[in-house]
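Each number in the working numbering comes from the position in the sequence shown (counting from 1) with 27 added on.
Below is one structure, written out as structure tokens; the observations come after it.
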Amino acid sequence: QVRLVESGGGLVQPGGSLRLSCAASGSIFSRAVNAWYRQAPGKERELVASIAVGGSTNYVDSVKGRFTISRDNAKNTVFLQMNSLKPEDTAVYYCNTQFRNFSWGQGTQVTVSS
28 QVRLVESGGG
38 LVQPGGSLRL
48 SCAASGSIFS
58 RAVNAWYRQA
68 PGKERELVAS
78 IAVGGSTNYV
88 DSVKGRFTIS
98 RDNAKNTVFL
108 QMNSLKPEDT
118 AVYYCNTQFR
128 NFSWGQGTQV
138 TVSS
């Protein structure tokens, strides 16, 4: 069973930046399309960004131009660089594969507030 561990969240002012990291315990993660999701209070979990093994990326419209997903296949790790953060980005962020193949980790809280 692959274990996913997210980190890097925190409290940041609007316009600020954060870099999230997700470490997977199994190499199978590096052979899948990786993705970042987020869940705001009272809302469903949504896919924010995904990255294929070869590096092609996709983003939900609300984060295009502000967020960048990247991966290090050798280290079974995926990252999410978040710039120009807005209050509506406040959520718990999770990583998984594109098809949510693995059990969810604990997530990392991102709070954007002045």
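Quick reminder that beta carbons are idealized off the backbone N, C-alpha and C, glycines included.
The beta strand (DSSP E) spanning residue i covers which residue range?
| i | result |
| --- | --- |
| Val87 | From DSSP, Val87 is part of no beta strand (DSSP E); its letter is neither H nor E. |
| Glu115 | Element bounds for Glu115: n/a, residue is neither H nor E. |
| Ser48 | 45-51 |
Nearest to residue i by alpha carbon, out of the options?
| i | options | result |
| --- | --- | --- |
| Val75 | Gln133, Trp131, Val139, Gln125 | Gln125 |
| Asn110 | Lys102, Ile96, Val29, Ala101 | Ile96 |
| Val90 | Asn100, Arg65, Lys70 | Arg65 |
| Gly82 | Asp88, Phe106, Gly35, Leu38 | Phe106 |
| Ser54 | Ser48, Ala101, Glu73 | Ala101 |
| Glu73 | Ser140, Arg127, Gln133 | Arg127 |
Would you list the residues sitting across from residue i in a DSSP beta bridge?
| i | result |
| --- | --- |
| Trp63 | Ala76, Cys122 |
| Ile96 | Leu107 |
| Val137 | Gly37, Ala118 |
| Val32 | Ala50 |
Write down the C-beta distance between residue i and residue j rounded to the nearest angstrom, noting that I regard them as a contact closer than 8 Å.
| i | j | result |
| --- | --- | --- |
| Thr138 | Tyr120 | Between Tyr120 and Thr138 the Cβ distance is about 11 Å, and since that is not below 8 Å, they are no contact. |
| Asn103 | Ser57 | 5 Å |
| Arg98 | Asn61 | 6 Å |
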